[in-house]
Amino acid sequence: MKILVIGSSGIVGSAFKRNQVEGHVYWFEDHNSFELTNYDQITQKLTAISPDIVINCAASDGINRCAQNPAEAYAINVQAVNDLAVICNQLEICLVHFSTDAVFNGQKGDFYTEDDIPDPLNTYSKTKHLGSQLVQNLSRKYYVFRLPILFGIRENQKAGFLERMFALVESGKRELCIADDIYSCPSFSDDIAKRILELLESNLEYGLYHLKNEGKASLYDFAKIFFAKLGVDVKINRAKAADFAANGKEPRALNTIMKSIKIDHLRQWEAAMDDFVRQF
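If you're matching positions, the sequence shown starts at 1 in the working numbering and goes up one per residue.
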């Protein structure tokens with residue numbers, strides 16, 4: 001297969017680059033070489049390469065960032081995805097796109113499945129949901145993978161949750177306050193990329209899937225286990241999401257744990273964390 005990965009310097013795109021499977025031909029494009037909001041450039045690139053599969057890892061992410069830059073969030077998460085879906089459909093290219101567990105409102109009190117109806121609460125989750133709907137409505141050949149909070153090595157300079165916490169400790173902070181009432185299913189980007197490449201070879205039925213490592217955790221537990229495995233001595237205090245509410249412009253869902261009723265989960269996230277710590 002010929003596979004084009006867009007957004008290849010982010011946490012998911014970098015994982016695809018590290019976990020290439022022999023027998024396939026890959027192209028990797030990041031924001032420096034590929035402008036996703038340029039319709040003509042998308043058309044020219046896809047026509048020239050003629051890939052079998054496009055994996056779109058590009059996104060405007062972060063609840064606060066999207067709240068502060070709604071036009072950018074819409075341009076990248078909605079309009080560019082619309083254009084990409086239209087072009088891929090015209091050229092009969094399979095499109096792989098990513099959504100987020102943040103599309104749920106967190107009120108279920110149990111694991112969300114592919115059958116649950118999204119109810120996004122903020123600009124980030126609303127634009128991601130709109131983008132995934134466009135892929136499903138405009139594409140004949142597509143996969144939308146809904147992902148939870150991720151950990152993994154990335155090429156770009158963006159910092160995920162664990163990197164931000166580590167940076168605070170590196171700067172001399174020896175005590176952290178982290179919310180213990182925000183829950184997700186921490187997942188390793190390398191595991192995600194490997195499984196998707198396996199699924200693409202398996203003739204999986206087109207559609208929407210939840211993809212995650214087994215297990216769940218609060219942000220408090222997520223950070224505590226990370227620092228313990230890293231061997232870093234830092235005191236982590238329990239806090240509540242409400243303690244940080246003043247820092248955010250928009251609401252966020254607190255409990256977006258999810259599971260798949262269509263495909264198998266990956267290994268336990270704590271086991272995957274061991275591999276991440278070795279790379280860190």
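Here a beta-carbon is modelled for each residue, glycine too, at the ideal position from N, C-alpha and C.
>> Taking the straight line between their C-alpha atoms, what separation do you get for C66 and S125?
In response: 9 Å
> According to DSSP, is Y142 helix, strand or coil?
Replying inline: Strand, per DSSP.
>> I need the straight-line Cα distance from T113 to P148, nearest angstrom please.
In response: A direct Cα-to-Cα measurement between T113 and P148 gives close to 12 Å.
>> Can you look up I178 in the DSSP assignment and give me helix, strand or coil?
In response: strand
> Which residues mark the beginning and the end of the alpha helix (DSSP H) in which S99 is found?
Replying inline: That residue, S99, is in no alpha helix (DSSP H); its beta strand (DSSP E) goes C94 to T100.
>> Using C-beta distances below 7 Å, list every residue in its chain close to Y206, excluding the 5 sequence neighbours before and after it, in chain order.
In response: K141, Y142 and Y143
> Where does the unbroken alpha helix (DSSP H) through R164 begin, and where does it stop?
Replying inline: F161 to E170
> DSSP state of S189, grouped into three classes?
Replying inline: DSSP places S189 in helix when its eight states are reduced to three.
> Does the distance from the CB of S14 to the CB of I153 come in under 8 Å?
Replying inline: With contacts defined as CB atoms closer than 8 Å, S14 and I153 qualify as a contacting pair.
> Is the number of C-beta pairs between the region 68-76 and the region 100-118 that are closer than 8 Å three or more?
Replying inline: no
>> Looking at the strands, I want to know which residues DSSP matches up with A239.
In response: A179
> Of all the options H97, E155, F16 and E92, which has the alpha carbon lying nearest to the alpha carbon of A80?
Replying inline: H97
> Closest by CA to G10, which one among R195, S60 and A167?
Replying inline: S60
> Where does K235 land, buried or exposed, given buried means 16+ other C-beta within 10 angstroms?
Replying inline: Answer is exposed; the Cβ neighbour count stays below 16.
> Around the C-beta of R146, are 16 or more other C-beta atoms found within 10 angstroms, so that it is buried, or is it exposed?
Replying inline: buried
>> I need the DSSP call for H265, collapsed to helix, strand or coil.
In response: coil
> Any chance the region 29-38 sits against the region 160-180, with 3 or more Cβ pairs inside 8 Å?
Replying inline: Contact between the region 29-38 and the region 160-180 is absent: fewer than three C-beta pairs spanning the two stretches fall below 8 Å.
>> According to DSSP, simplified to helix, strand and coil, what is N137?
In response: helix
> Which residues does DSSP pair with A217 in a beta bridge?
Replying inline: S184
>> With distance defined between alpha-carbon atoms, name the residue in L200, N82 and K17 nearest to D30.
In response: K17
> When DSSP builds the beta bridges, which residues end up paired with K2?
Replying inline: V25
> Terminal residues of the continuous beta strand (DSSP E) containing V54?
Replying inline: I53 to N56
> Quick one: Cα of R238 to Cα of K224, how far?
Replying inline: 10 Å
> Helix, strand or coil: which one does DSSP assign to S13?
Replying inline: In the sequence on display, residue 13 carries Gly and not Ser. DSSP, reduced to helix, strand and coil, places G13 within a helical segment of the structure shown.
>> Judging by CA-CA distance, which residue of D221, I93 and H24 is the nearest neighbour of T43?
In response: I93
> In this structure, what does DSSP give as the bridge partners for G207?
Replying inline: According to DSSP, which records beta bridges pairwise, G207 is partnered with Y143.
> Is the number of C-beta pairs between the region 121-138 and the region 214-233 that are closer than 8 Å three or more?
Replying inline: no
>> Spatial neighbours of L208 within its chain, please: C-beta separation below 6 Å, excluding the five flanking residues on both sides.
In response: E114 and V144
>> Considering Cα atoms alone, identify which of K128, N19, A272 and D221 is closest to T100.
In response: T100 has its Cα closest to that of K128, out of K128, N19, A272 and D221.
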